[in-house]
Amino acid sequence: MSESRRGLRHRIGEIRLHKLERKTYSIGFVIPWLLIYGVFFVLPTLFSFYYAFTDWDLTSAKFSGFANFVEMFRNPVFSTALANTAIFTVLSVVLKVAVSLALAMALFHCVASNFFRTIFFSPYVLSYIAIGVLFTAIMHPEIGVLNKGLRAIGLDFLALNWLVEKGQVIYSLVFIDVWKSAGFHLAIFIAALQTIPSDMMESASIDGAGPWKKFRYITFPMLASAFNANIVFALIVGLTKFDLVFVTTGGGPGYYSEVLKTLVYKQFAMGRYGLATAGELIIFVIVITLTVTLRKFLDKREVEA
Amino acid sequence: MKLRSLPFGQIALIAVLSALSLLILVPFYLIFVNSLKSPAEASELGLAFPSKWEWGNYEKVFEVAKLPLAFTNSVVLTFSSVAIILITAAMAAFVMQRRKDGLSSTLNVLVMLGLVVPPAIVPLYKVLSFFQLNGTILGVVLINVATRSPLSVFLAHQFLKSISKEIDEAAIIDGCGKYKLFFRIVLPLMGPIIVTLFIFNATFVWNDFMYVLYFLSSGKQMTLPLTMYLFTGQYGSMWNLVFANILIISAPLLIVYFFAQRFIIAGMTAGAIKG
Chain A
578 MSESRRGLRH RIGEIRLHKL ERKTYSIGFV IPWLLIYGVF FVLPTLFSFY
628 YAFTDWDLTS AKFSGFANFV EMFRNPVFST ALANTAIFTV LSVVLKVAVS
678 LALAMALFHC VASNFFRTIF FSPYVLSYIA IGVLFTAIMH PEIGVLNKGL
728 RAIGLDFLAL NWLVEKGQVI YSLVFIDVWK SAGFHLAIFI AALQTIPSDM
778 MESASIDGAG PWKKFRYITF PMLASAFNAN IVFALIVGLT KFDLVFVTTG
828 GGPGYYSEVL KTLVYKQFAM GRYGLATAGE LIIFVIVITL TVTLRKFLDK
878 REVEA
Chain B
20 MKLRSLPFGQ IALIAVLSAL SLLILVPFYL IFVNSLKSPA EASELGLAFP
70 SKWEWGNYEK VFEVAKLPLA FTNSVVLTFS SVAIILITAA MAAFVMQRRK
120 DGLSSTLNVL VMLGLVVPPA IVPLYKVLSF FQLNGTILGV VLINVATRSP
170 LSVFLAHQFL KSISKEIDEA AIIDGCGKYK LFFRIVLPLM GPIIVTLFIF
220 NATFVWNDFM YVLYFLSSGK QMTLPLTMYL FTGQYGSMWN LVFANILIIS
270 APLLIVYFFA QRFIIAGMTA GAIKG
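Sequences listed follow chains A and B, in order. Sequential numbering of the first sequence, starting at 578, is according to the working numbering. Sequential numbering of the second sequence, starting at 20, is according to the working numbering.
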């Protein structure tokens with residue numbers, strides 16, 4: 578009897594607390610964010626599912642079925658842009674992670690690690706406009722510093738037509754993006770390295786583990802979440818790359834360095850809004866599919882490691 | 020034995036890292052030295068010192084690019100975007116973290132979507148037109164808030180877990196209202212995360228030009244990064260001015276970076292680590 582009464586009193590108390598909680602943490606606090614996010618992010622995303630299927634210019638939007646997608650897929654520039662986006666994404670993810678991991682390991686064992694981290698991170702605060710223009714100067718085929726330097730040390734065969742040759746340009750853009758972002762990914766790895774307890778390493782040394790074994794069985798697994806963060810971040814950045822390409826080459830020469838986002842922007846600039854929206858929807862599907870798949874794969878590996 | 024071999028290893032490591040640093044430092048030097056040359060010398064794009072240091076290049080860039088206007092626009096755009104992101108994200112995260120009900124989990128899903136889904140930029144044109152915000156800085160501010168805030172909400176949410184709910188309870192028992200509780204007690208405790216969010220949002224908005232390119236066209240709303248186009252277009256060969264302009268548009272963030280780099284690196288990587 579008294580048991581159940583106490584239980585009842587407890588429940589009434591809980592309900593009261595719940596009410597108080599809803600009053601204190603009122604929905605009013607959420608509304609400003611929800612409003613802006615809803616109107617300027619969720620709404621346009623929902624709109625895109627409609628406008629991608631219309632012939633939409635400034636004044637009117639007529640339903641046109643899959644016409645935009647058909648036109649997009651038939652456009653030879655689209656397949657170039659898709660291929661370039663794939664090359665850019667895969668290469669930039671691999672290189673950013675590999676280069677920054679190697680640098681992180683070096684910096685972690687270096688007495689002047691803060692000094693070098695400051696230097697390596699600094700390009701990350703530059704605007705892509707500045708970086709793009711800077712590299713058109715550095716990568717100038719005849720008088721650019723890069724080729725002059727390579728020739729000076731006898732590596733003439735490496736003095737390429739970085740930004741002007743059709744088969745080369747997308748790789749040069751990858752290089753520039755790695756130049757800018759390696760320090761950022763490096764900082765993430767360093768932050769993770771600093772969380773590895775030092776006694777773990779010491780006891781491994783006492784047990785006779787060499788540097789490679791320590792890396793393979795301690796450092797590498799302990800870096801799993803930093804890895805995943807770096808990979809997913811670089812993946813999304815790669816798939817939606819716009820700024821660097823737009824500034825440095827404008828998708829050129831011709832359309833040899835066109836990526837999906839620059840293609841979409843060009844359609845938009847020409848007033849072909851329906852077509853541009855269809856392009857964005859394609860990017861949307863690619864990003865969601867790859868990110869979700871990769872996340873699932875990486876999370877599974879993280880648990881196993 | 021081991022101690023004695025350490026310095027050599029360190030010296031080798033430092034030598035290698037210094038060589039690699041040149042990949043970063045030479046481009047910075049290139050910008051600086053060429054920004055002070057005559058047009059003819061700068062067009063050689065080389066590393067030599069100028070025969071005459073042309074400090075007047077900076078004055079020219081100031082005039083041609085109407086820098087005071089562009090700078091003001093960048094400041095207005097950046098600070099209003101970041102201010103709105105900070106306050107709305109902090110409030111939303113507060114309720115999200117403190118409540119354990121349907122509202123909280125719905126918001127969580129919305130935030131997660133915002134972290135991955137690329138913004139639909141073209142349909143934004145329609146939304147902006149509806150509010151007659153096309154071609155206005157306010158329009159771009161709201162787009163920045165909408166597209167960049169999910170990460171801030173997410174990180175603020177994570178941070179709030181470290182502020183005990185008992186503080187809220189004690190405040191309420193003392194007769195503190197909900198607004199006073201948030202603005203006077205919880206928000207000040209969120210100081211560290213606010214600094215982090217301020218830094219990375221400000222950096223990205225300051226450097227961004229995609230939204231500006233899409234939605235602001237006329238010269239009056241020119242932001243600092245876009246002034247670059249004034250020199251690469253009609254002044255195609257004026258490399259000295261191009262380099263001076265690169266330095267000018269990069270200087271504000273670089274200066275802040277060198278003085279507050281610890282906070283900046285921590286701030287900018289926090290987003291990726293937790294996300």
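For every residue, glycine included, the Cβ atom is placed at its ideal position computed from N, Cα and C.
Residue burial classification, residue i (beta-carbon count within 10 angstroms, cutoff 16)
i                     : result
residue 186 (chain B) : exposed
residue 72 (chain B)  : exposed
residue 87 (chain B)  : exposed
residue 626 (chain A) : exposed
residue 629 (chain A) : buried
residue 789 (chain A) : exposed
residue 834 (chain A) : buried
residue 589 (chain A) : exposed
residue 847 (chain A) : exposed
residue 807 (chain A) : buried
residue 76 (chain B)  : buried
residue 825 (chain A) : buried
residue 175 (chain B) : buried
residue 843 (chain A) : buried
residue 639 (chain A) : exposed
residue 857 (chain A) : buried
residue 820 (chain A) : buried
residue 116 (chain B) : buried
residue 198 (chain B) : exposed
residue 656 (chain A) : exposed
Contact with chain B by residue i, beta-carbon distance below 8 Å
i                     : result
residue 686 (chain A) : yes
residue 755 (chain A) : no
residue 764 (chain A) : yes
residue 697 (chain A) : yes
residue 859 (chain A) : no
residue 705 (chain A) : yes
residue 546 (chain A) : Beyond the ends of chain A as shown, which are 578 and 882, falls residue 546 (chain A); an answer cannot be given.
residue 876 (chain A) : no
residue 689 (chain A) : yes
residue 607 (chain A) : yes
residue 588 (chain A) : no
Cβ of residue i within 8 Å of any chain A Cβ
i                     : result
residue 114 (chain B) : yes
residue 220 (chain B) : no
residue 145 (chain B) : yes
residue 108 (chain B) : yes
residue 230 (chain B) : no
residue 111 (chain B) : yes
residue 180 (chain B) : no
residue 280 (chain B) : yes
residue 254 (chain B) : The predicted position of residue 254 (chain B) is uncertain, since its pLDDT is 49 and thus under 50; no value can be drawn from it.
residue 58 (chain B)  : no
Own chain, CB closer than 6 Å to residue i, minus 5 neighbours either side, in chain order
i                     : result
residue 103 (chain B) : 164
residue 286 (chain B) : 215, 218, 219
Same chain, Cβ closer than 7 Å to residue i, five either side skipped, listed in chain order
i                     : result
residue 56 (chain B)  : 69, 73, 259
residue 672 (chain A) : 751, 755
residue 777 (chain A) : 795
residue 836 (chain A) : 658, 661, 662, 665, 818, 822
residue 101 (chain B) : 217, 220, 221, 224
residue 254 (chain B) : Note on residue 254 (chain B): pLDDT 49, under 50, position unreliable in the model; the coordinate value appears next. Contacts found: 260.
residue 125 (chain B) : none
Cβ-based neighbour list, residue i, same chain, cut-off 8 Å, excluding 5 preceding and 5 following
i                     : result
residue 587 (chain A) : none
residue 748 (chain A) : 664, 668
residue 47 (chain B)  : none
residue 226 (chain B) : 244, 272
residue 79 (chain B)  : 260, 263
residue 228 (chain B) : 242, 244, 245
residue 764 (chain A) : 694, 698
Residues bridged to residue i [DSSP beta-bridge criterion]
i                     : result
residue 631 (chain A) : A:640
Contacts that residue i makes with chain D (C-beta to C-beta distance below 7 Å)
i                     : result
residue 251 (chain B) : No chain D is present in this structure, whose protein chains are A and B.
Please identify, using Cβ separations under 8 Å, the residues of the region 609-627 of chain A that lie next to chain B, in order along the chain. Those residues of the region 609-627 of chain A that come within reach of chain B (Cβ to Cβ, closer than 8 Å) are 609, 610, 611, 613, 614, 616, 617, 618, 619, 620, 621, 622, 624, 625.
Beta carbons nearer than 7 Å to chain B: which residues of the region 712-739 of chain A have them? 714, 715, 717, 720, 721, 722
Near-chain A residues of the region 191-207 of chain B (beta-carbon distance less than 8 Å), N- to C-terminal order: 191, 197, 200, 201
Under 8 Å (Cβ pairs) to chain A, residues found in the region 159-172 of chain B: 161, 162, 164, 165, 166, 168, 169, 172
Any C-beta of chain A within less than 8 Å: which residues of the region 133-144 of chain B qualify? Flagged, chain order: 133, 135, 136, 137, 138, 139, 140, 141, 142, 143, 144.
So if I threshold CB-CB distances at 9 Å, which residues from the region 67-96 of chain B count as touching chain A? none
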